[in-house]
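Scroll down for the structure; my scribbles are underneath it.
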Amino acid sequence: MYLFIYNPKAGVSQRNELNEFIHCLNQSKIRFDLFLTDLNYGPVEIMDEVEHTYEGYIIAGGDGTVSQMVQGLYNHKIQKPLIILPIGTANEISKNLGNVAHITDILSNLENLTERPVDLGVLNETDCFTFALTFGNFTEVTYKTPQNLKNWLGYRAYLIYGFLTFRRIHAYGLKVRIDDTLFSGSFVFGGITNSKSVGGIFHYDENDIELSDGLFEVMLIRKPKNVSQIRQILKGMMSREYDNEMFIIRQCCEVEIESDTMMSMNIDGEFAGDMSSFKATNHKEILTLMDYKGVKSDD
Numbered sequence: 001m002y003l004f005i006y007n008p009k010a011g012v013s014q015r016n017e018l019n020e021f022i023h024c025l026n027q028s029k030i031r032f033d034l035f036l037t038d039l040n041y042g043p044v045e046i047m048d049e050v051e052h053t054y055e056g057y058i059i060a061g062g063d064g065t066v067s068q069m070v071q072g073l074y075n076h077k078i079q080k081p082l083i084i085l086p087i088g089t090a091n092e093i094s095k096n097l098g099n100v101a102h103i104t105d106i107l108s109n110l111e112n113l114t115e116r117p118v119d120l121g122v123l124n125e126t127d128c129f130t131f132a133l134t135f136g137n138f139t140e141v142t143y144k145t146p147q148n149l150k151n152w153l154g155y156r157a158y159l160i161y162g163f164l165t166f167r168r169i170h171a172y173g174l175k176v177r178i179d180d181t182l183f184s185g186s187f188v189f190g191g192i193t194n195s196k197s198v199g200g201i202f203h204y205d206e207n208d209i210e211l212s213d214g215l216f217e218v219m220l221i222r223k224p225k226n227v228s229q230i231r232q233i234l235k236g237m238m239s240r241e242y243d244n245e246m247f248i249i250r251q252c253c254e255v256e257i258e259s260d261t262m263m264s265m266n267i268d269g270e271f272a273g274d275m276s277s278f279k280a281t282n283h284k285e286i287l288t289l290m291d292y293k294g295v296k297s298d299d
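Going by UniProt numbering, 67 is the number at position 67 of the sequence shown; the sequence numbering is gapless.
What follows is the structure in structure tokens.
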């Protein structure tokens with residue numbers, strides 16, 4: 001028996017999408033309990049009210065919905081496998097699991113899915129992040145981009161909105177501890193991630209990223225002092241090479257940051273409030289996702 005949670009508002013609505021999912025599960029003779037999310041009734045609330053006797057969990061939604069589902073699993077200390085049906089706009093989390101031609105192919109190939117233990121980030125010992133915790137400038141790109149613009153333009157919406165807000169850069173004086181290394185400086189952006197890409201804006205070489213090594217990738221962007229340094233930042237973002245002086249890239253299992261002003265925080269593409277200090281800890285392999293590598297298309 002599986003718990004299946006579906007977000008009807010995720011991404012661009014597809015006619016009969018839910019019926020197709022149900023049909024695939026029935027064809028595979030999978031028994032499940034179905035819950036639909038609402039504005040004030042998300043995966044966390046659903047997970048709080050059900051009995052956790054399930055052999056696995058299925059979540060259909062965007063990154064925000066998936067992140068809430070993972071939070072629910074973490075709250076109840078559940079490590080049963082989670083199947084993600086990526087029907088959102090960006091779907092950054094699922095991109096780390098492989099590519100599928102059609103979402104229904106995942107449900108039609110359940111026997112070919114393999115368990116993949118992955119690391120989970122925890123903010124201040126309470127809030128989970130599956131692929132990214134970002135702060136400072138650019139964080140608003142994901143949660144302030146209008147939903148209709150996301151639906152119409154998809155990935156391009158993030159780039160367009162990010163470009164329009166780039167001129168309103170604010171600098172933060174940060175004291176940073178990355179494991180046992182301490183330093184300080186003036187920065188405009190920070191990202192603590194466990195993903196190949198972040199918001200469609202920052203990308204790492206997938207050969208350098210391991211989702212279950214117990215380590216975060218940390219990126220900090222220094223405050224630009226002149227046009228030349230702004231160009232260095234933009235060049236790094238466009239070329240996906242962050243080896244110039246404006247970027248600090250590290251790997252670590254724990255990060256503590258203290259800012260001289262409040263910073264906008266973003267967890268897995270959703271606004272997470274304003275903070276002036278926080279600690280992020282990597283919990284190695286405590287989340288079990290189902291990998292798509294064995295999925296075959298019916299086409």
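No residue lacks a Cβ here, since even glycine has one placed at the ideal position from N, Cα and C.
In this text the structure is predicted, and so the values were computed from the model without any measurement.
DSSP places residue 5 in the strand class (E or B) of the three-state scheme. Only residues of its own chain outside the window of five on either side were considered, and among them 172, 173 have a CB closer than 7 Å to the CB of residue 260, listed in chain order. Residues of the same chain with a CB within less than 6 Å of the CB of residue 262, apart from the 5 flanking positions on each side, are 274, 276 in chain order. Take the alpha-carbon of residue 232 and the one of residue 295: they are about 40 Å apart. Here the C-alpha atom of residue 33 lies approximately 8 Å from the C-alpha atom of residue 1.
Nearest to residue 266 by C-alpha distance, out of 188, 135, 289, 225, is 135.
Residue pairing by DSSP places residue 134 opposite 191, 266 in a beta bridge. Beta-bridge partners assigned by DSSP to residue 122: 128, 281.
If you draw a straight line from the Cα of residue 38 to the Cα of residue 121, it is about 26 Å long.
If you draw a straight line from the Cα of residue 77 to the Cα of residue 182, it is about 32 Å long. Pairing residue 219 with residue 249 gives a Cβ-Cβ distance under 8 Å. Counting only the Cα atoms, residue 170 lies some 31 Å from residue 94. Residue pairing by DSSP places residue 251 opposite 217 in a beta bridge. Counted as a single uninterrupted DSSP element, the beta strand (DSSP E) harbouring residue 82 occupies residues 82–86. With a beta-carbon spacing of about 5 Å, residue 57 and residue 3 fall inside the 8 Å limit used to define contacts. A distance below 7 Å between beta-carbons, with the five flanking residues on each side excluded, links residue 20 to the following residues of its chain, in chain order: 104.
Closest option to residue 46, judged by alpha-carbon separation, among 96, 72, 24: 72. In this structure residue 108 is not in contact with residue 212, their Cβ atoms being roughly 27 Å apart against a cut-off of 8 Å.
Burial check for residue 132: the Cβ neighbour count within 10 Å reaches 16 or more, so the residue is buried. Taking C-alpha positions only, residue 205 is separated from residue 137 by approximately 23 Å. Between the alpha carbons of residue 129 and residue 123 lies a distance of about 7 Å. Taking the Cα positions, residue 98 is about 28 Å away from residue 52.
Note: residue 178 is bridge-paired with 181, 255 in the DSSP secondary-structure output. Remark: C-beta atoms of residue 245 and residue 279 do not approach each other more closely than 8 Å. For residue 58, the enclosing beta strand (DSSP E) begins and ends at 56–61. Counted as a single uninterrupted DSSP element, the beta strand (DSSP E) harbouring residue 36 occupies residues 32–36. Secondary structure note for residue 223: it is in no alpha helix (DSSP H), with a DSSP letter that is neither H nor E. Beta-bridge annotation (DSSP): residue 52 is not paired with any residue. When C-alpha distances from residue 193 are compared across 282, 86, 227, the shortest belongs to 282. Counting along the chain, residue 23 sits inside the alpha helix (DSSP H) bounded by residues 17–27. Looking at the DSSP output, residue 117 sits in a beta bridge with 288. Under the three-state reduction of DSSP, residue 237 is assigned to helix.
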